[in-house]
Amino acid sequence: MLSLFDQLAPRTYIPILFNYLPSSSAISFHSFDKLEKSLAETLTKFYHFAGRFGKDDPLISIDCNDEGVEYVQTKVNADDLPEFLHRQANDIESSLLHLILPVMVHMPSSPLLGVQVNVFNNGGIAIGIKISHNIADAFTIATFVNEWAHTCLTGTISTHNYLPSFGQLSSLFPARLMLQLPSPSTTGPENIIVTRRKTIKDDSTTDDDMIKQPSRVVVMMSLIWKVLTHISSAKNGNSRNSSLGFAINFRGKLSCVPSLEHALGNYVTIAIANMEADEARKNQLNDFVKFVGNTIRDTCVAIGKAASSIDDISSLTVNNWKLCVENLLQEDKMDGYITSSWCKLPWYEADFGWGKPFWVSRVGFNDIEGAFLMDTKDGNGIQLIVCLKEKNMTEFEKHLDNLSSTPIVG
């Protein structure tokens, strides 16, 4: 069974790329054979990933039928990732998608997980992973990749106590019949979404916990929101309200189910910050930071009040997602944006036997307008991925230098 949180997750696949530099350890056919075999061994613990959506109730169930995942190994005619991207006629985002399996759609016969192993001429490797969002959030993906890497590196499956907890969420928070939220339209030439990347450096070492004020994640989300409201105000004559949605992780926050700290699957709710047009026009960056910080704290307070009741947590989650979708659907009246942070997750710990990754990033993040944040490899910065309609991106790019020069720690 899927959980309520799985059911509410966007019905899409999450693509992520792990890029490894050439290793002093010789990479041979045996290495790739070991990589594939260790994946099969890891899937005995993450068995949902090898199943298929239920034919009768695809929105509420997974058939754990062991039909397997899609796995492809390919040789890339380039020395390394930078050369590969330089050779491509497409933009960077379109080029990166060549290193991920082609578009996968949610059908009962479709694999839930796809892996493409790309080998460069110099011995470097890029592992492209695509997984259904309806079975995994960022925490679950990071857990799976590191478990796979551990199995490949050591030849043994770890005995972490979180691995058996795959079915806990669906038993406590079961999916609901007929619960399906509409999706905003992204069709039509006026809705084409483009992506830009920027690395924002930070030399300080403050705590990144989003509940503390202000964390660098909160400051960066606030700054992006401020820039977007400025662009909208200049274009629409200060007449549009604005909404910013972002995920809050439930793990470690619910007293009613403390055993779910390492729960696998989707286990988040959405927080929504709404700002009136007049406020957006007058507010400075510090005001946006306070606004976002207060929204996070208010959501966490609501979680705390509901934490003793599973029914209350379910209602809070459904209501927040409905409000977020309603805001996004009001394109003629207000601006809606989504931000997501994958910071503080162990993306750069995944060592399959040829060292830790040099660069990890989500790719193909172009379903809706918003921004995506990940830590840089050294932990002293944020990798920012912004997705906007083309007409908005043209204006946003004028502010990219300002983003780099603004301190991201309060």
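Note that the UniProt record's numbering gives residue 20 to position 20 of the sequence shown, counting from 1, and the numbers run on in steps of one. Idealized CB from N, CA, C, for every residue including glycine.
Nearest neighbour of residue 374, chosen from 231, 201, 342 and 199 [CA to CA] | Looking at the Cα atoms, 342 is the closest of the given residues.
Under the three-state DSSP convention, the category residue 1 falls into | Coil.
One or two residues paired with residue 393 in a DSSP bridge | Beta bridge pairing from DSSP links residue 393 with no other residue.
Per-residue DSSP class, three states only, for residue 284 = In the structure shown, residue 284 sits in coil (DSSP, three-state: anything other than H, G, I, E or B).
Residue 107: buried (16+ other C-beta within 10 angstroms of its C-beta) or exposed?
-> A residue is called buried when at least 16 other Cβ atoms come within 10 angstroms of its Cβ; residue 107 does not meet this threshold and is exposed.
Which partner residues of residue 275 appear in the DSSP bridge assignment?
-> BP columns for residue 275 point to 242.
Report, in whole angstroms, the separation of the C-beta atoms of residue 4 and residue 317, which I expect to be a contact under 8 Å.
-> Rounded, the Cβ-Cβ distance is 7 Å, consistent with contact.
Comparing alpha-carbon positions, which option in 65, 60, 39 and 154 lies nearest residue 114?
-> Nearest C-alpha to residue 114 among 65, 60, 39 and 154: 39.
Closest by CA to residue 128, which one among 109, 135, 103 and 122?
-> Measuring from the Cα of residue 128, the nearest candidate turns out to be 103.
If you compare alpha carbons, which of 101, 98 and 382 is closest to residue 216?
-> Of the candidates 101, 98 and 382, the residue whose Cα lies closest to the Cα of residue 216 is 382.
In the region 303 to 367, which residue ranges form an unbroken beta strand (DSSP E) of at least 3 residues, counting only runs that do not cross its ends?
-> Positions of the beta strand (DSSP E) runs, each at least 3 residues long and wholly inside the region 303 to 367, are given as 334 to 341 and 359 to 362 in order along the chain.
DSSP on residue 75, reduced to helix/strand/coil?
-> Note: residue 75 maps to strand in three-state DSSP.
So, using beta-carbon positions, are residue 327 and residue 243 closer together than 9 Å?
-> In contact: residue 327 and residue 243 (Cβ atoms closer than 9 Å).
Does the beta-carbon distance from residue 139 to residue 249 come in below 9 Å?
-> The answer is yes: Cβ separation under 9 Å.
How many angstroms separate the CA atom of residue 279 from the CA atom of residue 390?
-> Approximately 26 Å between the Cα atoms of the pair.
Residue from 68, 18, 345 and 264 with nearest C-alpha to residue 125 | Closest in alpha carbon position to residue 125, among 68, 18, 345 and 264, is 18.
How do the region 81 to 88 and the region 347 to 354 stand: do at least 3 beta-carbon pairs fall below 8 Å, yes or no?
-> No, because fewer than three Cβ pairs between the region 81 to 88 and the region 347 to 354 fall closer than 8 Å, the two stretches do not touch.
Starting from the C-beta of residue 197, find all residues in its chain whose C-beta is less than 6 Å away, skip the five residues before and the five after it, and write them out in chain order.
-> If we look at residue 197 and ignore the five residues flanking it on each side, its Cβ neighbours are 385.
Could you spell out the range, first to last residue, of the alpha helix (DSSP H) harbouring residue 168?
-> Residues 168 to 172.
Do the region 169 to 177 and the region 260 to 268 make contact, defined as three or more Cβ pairs closer than 8 Å?
-> Because the criterion of three Cβ pairs below 8 Å is met, the region 169 to 177 and the region 260 to 268 touch.
Unbroken beta strand (DSSP E) run spanning residue 139, endpoints = For residue 139, no beta strand (DSSP E) segment is defined; the enclosing uninterrupted segment is the alpha helix (DSSP H) at 138 to 154.
Nearest-angstrom Cα separation, counted from residue 241 out to residue 275 = Roughly 6 Å separates the two Cα atoms.
Which residue from 291, 54 and 100 puts its Cα closest to that of residue 362?
-> Answer by Cα proximity: 100.
Quick one: using the 10 Å Cβ neighbour count with 16 as the cut-off for buried, is residue 284 buried or exposed?
-> So residue 284 ends up on the exposed side.
Distance CB(residue 120)-CB(residue 149) smaller than 9 Å = No, the pair does not count as a contact, with Cβ atoms beyond the cut-off.
Taking the CB atoms as reference points, tell me whether residue 370 and residue 340 lie closer together than 9 Å.
-> Yes, the Cβ-Cβ distance between residue 370 and residue 340 is below 9 Å.
Give every residue of the same chain whose Cβ lies closer than 6 Å to the Cβ of residue 15, excluding the five residues on either side of it in the sequence, and list them in chain order.
-> So the qualifying residues of the chain are 100, 130, 363 and 364.
May I have the straight-line CA-CA distance separating residue 50 from residue 98, to the nearest angstrom?
-> Their backbone Cα atoms lie some 23 Å apart in a straight line.
In the DSSP assignment, what are the bridge partners of residue 41?
-> For residue 41, DSSP assigns no beta-bridge partner whatsoever.
Nearest candidate by alpha-carbon position, reference residue 387, set 105, 93, 23 and 11 = Nearest neighbour of residue 387 by Cα position, chosen from 105, 93, 23 and 11, turns out to be 93.
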